[in-house]
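**Student:** Everything in the sequence shown is counted per our numbering, starting at 17 for the first residue and increasing by one. Yeah, the Cβ is synthetic: ideal placement off N, Cα and C, and Gly gets one too. Let me begin by handing over the structure; questions about it come next.
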Amino acid sequence: MAERLILIRHGDLGARRRGRYIGRTDAPLSQEGRRQAAALAGPLVRRPDVASVLVSPLRRTRETAELALGRGANFVVDPDLREIDFGRWEGMGFAKILAADPAAVDRWAALADNFAFPEGESIGNFRKRIGAAARRIAADPARTAVVVTHGGVIRFLICHFLGLPDRAHLLFDVQPASISEIRIDGGKGVLTLLNDRRHLEIC
Numbered sequence: 017m018a019e020r021l022i023l024i025r026h027g028d029l030g031a032r033r034r035g036r037y038i039g040r041t042d043a044p045l046s047q048e049g050r051r052q053a054a055a056l057a058g059p060l061v062r063r064p065d066v067a068s069v070l071v072s073p074l075r076r077t078r079e080t081a082e083l084a085l086g087r088g089a090n091f092v093v094d095p096d097l098r099e100i101d102f103g104r105w106e107g108m109g110f111a112k113i114l115a116a117d118p119a120a121v122d123r124w125a126a127l128a129d130n131f132a133f134p135e136g137e138s139i140g141n142f143r144k145r146i147g148a149a150a151r152r153i154a155a156d157p158a159r160t161a162v163v164v165t166h167g168g169v170i171r172f173l174i175c176h177f178l179g180l181p182d183r184a185h186l187l188f189d190v191q192p193a194s195i196s197e198i199r200i201d202g203g204k205g206v207l208t209l210l211n212d213r214r215h216l217e218i219c
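Shown next as C-alpha cells:
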C-alpha cells in the first residue's frame, strides 16, 4: 500500500492558454513548460524510493513525466487522471463564462453531482473517476507513488485523501510544475507539501 504520494501538475501551456479552462484539449507543453518539467528532475532524483509513476493520458502530463523522470521511466497511464471535460466552456476564461451564463456558474460552484458543463462532463462523473483513481493509487504496492496530472485532479485528490468535502478544493493553489505531497498514515492522509515550486528558482 502506498505510504506517500507525490502529486505533480504538468508544466505551462503558453501565454494564450493561461487563465483559461483547459480540460480535454490535448495541448503540448510550451517552451517554458518544458523548462519547468525538466527542472522537476532535481527534486525527484533525490527520491530513490519512487517506484511507481502514474500519468494522465493527455500529452502535457506525459511530456512532463518524460522530461522530469527520463524517457526510459516506466509510466502507467490512467485515463481516470485526465482533467475534467469543460465542454463548450473549454478554452474560455472565467469572466467570459460568468457573463454568458451566471446561473450555470452558480450551479457549478455548488458542485452538485447532476451539474454538467455544457456538452461536457458532469461533476458526478468526475468525482466518481477521481475516487476510483484514488483507490488504485492507495492500493499501489510501491511505498512512494508519483502522480503526474492536472490542477483540478490534484485538488480533488487532496480532498479525497484528507477526508475533506470536495468544495474545499478551492482552498488549494496548485500551479504548473508544482509538487504536492501526501503522507498516508493509518489510512488517513496528511498534506506535507503543497504547490512547491522552489526547483524552478534554481534552473
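1. On a CA-only basis, which of A161, V163 and A184 is nearest F172? Give me that one, please.
2. So who's on the other strand from E197, going by DSSP bridges?
3. Do you know how far the Cα of G203 is from the Cα of H215?
4. Within 10 angstroms of the Cβ of D28, are there 16 or more other Cβ atoms? Answer buried if so, exposed if not.
5. Does the Cβ of D96 have 16 or more other Cβ atoms within 10 Å, making it buried, or fewer, making it exposed?
6. Please report the straight-line C-alpha distance between A81 and A53, rounded to a whole angstrom.
7. For L207, which of M17, P192, L187 and I38 has the nearest alpha-carbon?
8. Would you mind sorting L114 into buried or exposed? The rule is 16 or more other CB atoms within 10 Å of its CB.
9. What's the C-alpha gap between T41 and P73?
10. So, at 6 Å on beta carbons, what are the nonlocal neighbours of V162 in its own chain, with the 5 sequence-adjacent residues on each side left out?
11. In this structure, does DSSP put T41 in helix, strand or coil?
12. Roughly how many angstroms separate the alpha carbons of A148 and H176, rounded to a whole number?
13. Let me know the secondary structure DSSP gives A84 once reduced to three states.
14. Per DSSP, what are the beta-bridge partners of K204 in this structure?
15. Going by alpha carbons, who is nearest to D212 out of S194, I200, I218 and D201?
16. Under 6 Å Cβ to Cβ from R152, same chain only, skipping five residues before and after it: list those, please.
17. Hey, how far is the Cα of P44 from the Cα of A55?
18. So, G39 versus E135, is the Cβ gap smaller than 7 Å?
19. Are there 16 or more other CB atoms within 10 angstroms of the CB of V92, so buried, or fewer, so exposed?
20. What does DSSP give as the partner residue(s) for V168 in the beta ladder?
21. Tell me the start and end of each unbroken alpha helix (DSSP H) in the stretch 46-77 that is at least 4 residues and wholly inside, in chain order.
22. Just curious, the beta strand (DSSP E) that V121 is in, first and last residue?
**Tutor:** With the structure as the only source:
1. In the sequence shown, residue 172 corresponds to position 156, counting from 1. Cα-wise, what sits closest to F172 is A184.
2. For the purposes of this step, residue 197 is taken as the residue at position 181 of the sequence shown. Answer is I22 and L209.
3. Position 199 of the sequence shown holds residue 215. Position 187 of the sequence shown holds residue 203. Those two C-alpha atoms are separated by around 30 Å.
4. Along the sequence shown, read from residue 1 onward, the residue named residue 28 stands at position 12. Flag for D28 reads buried.
5. Residue 96 sits at position 80 when you count from the first residue of the sequence shown. Buried: at least 16 other Cβ atoms inside 10 Å.
6. Within the sequence shown, numbered from 1, the residue matching residue 81 stands at position 65. Within the sequence shown, numbered from 1, the residue matching residue 53 stands at position 37. Their backbone Cα atoms lie some 7 Å apart in a straight line.
7. Here residue 207 corresponds to residue number 191 of the sequence shown, with the count starting at 1. Looking at the Cα atoms, L187 is the closest of the given residues.
8. For this step, residue 114 is matched to residue 98 along the sequence shown. Answer is exposed; the Cβ neighbour count stays below 16.
9. If you number the sequence shown from 1, residue 41 lands on position 25. If you number the sequence shown from 1, residue 73 lands on position 57. Whole-angstrom Cα-Cα distance: 11 Å.
10. Numbered from its first residue, the sequence shown carries residue 162 at position 146. So the list reads I22, V66 and V69, once near-sequence residues are dropped.
11. On the sequence shown, residue 41 is found 25 positions in, with the first residue counted as 1. For T41, the three-state secondary structure derived from DSSP is coil.
12. Here residue 148 corresponds to residue number 132 of the sequence shown, with the count starting at 1. Here residue 176 corresponds to residue number 160 of the sequence shown, with the count starting at 1. Taking C-alpha positions only, A148 is separated from H176 by approximately 11 Å.
13. As a first step, residue 84 must be located in the sequence shown, where it is residue number 68. Residue state, collapsed to three classes: helix.
14. Counting from one through the sequence shown, the residue named residue 204 turns up at place 188. The beta-bridge partner set that DSSP reports for K204 consists of D201.
15. Here residue 212 is taken as the residue at index 196 of the sequence shown, counted from 1. Closest option to D212, Cα to Cα, is S194.
16. The residue labelled residue 152 in the question sits at position 136 within the sequence shown. Cβ within range, chain order: n/a, list empty.
17. The sequence position of residue 44 within the sequence shown is 28, counting from 1. The sequence position of residue 55 within the sequence shown is 39, counting from 1. Using only the alpha carbons, I get a separation of about 17 Å.
18. On the sequence shown, position 23 is the one that residue 39 refers to. On the sequence shown, position 119 is the one that residue 135 refers to. Here G39 is not near E135, since their CB atoms are 7 Å or more apart.
19. Position 76 of the sequence shown, counted from the first residue, corresponds to residue 92. When all chains shown are included, V92 counts as exposed.
20. Translated into positions along the sequence shown, residue 168 becomes position 152. Just to set this straight, residue 168 is Gly in the shown sequence, not Val. Here G168 is not bridged, per DSSP, to any residue.
21. Counting only runs of 4 or more, we get 47-55 and 57-61.
22. As a first step, residue 121 is located in the sequence shown; it is residue number 105 there, counting from the start. DSSP places V121 outside any beta strand (DSSP E); the residue lies instead in the alpha helix (DSSP H), whose first and last residues are P118 to A126.
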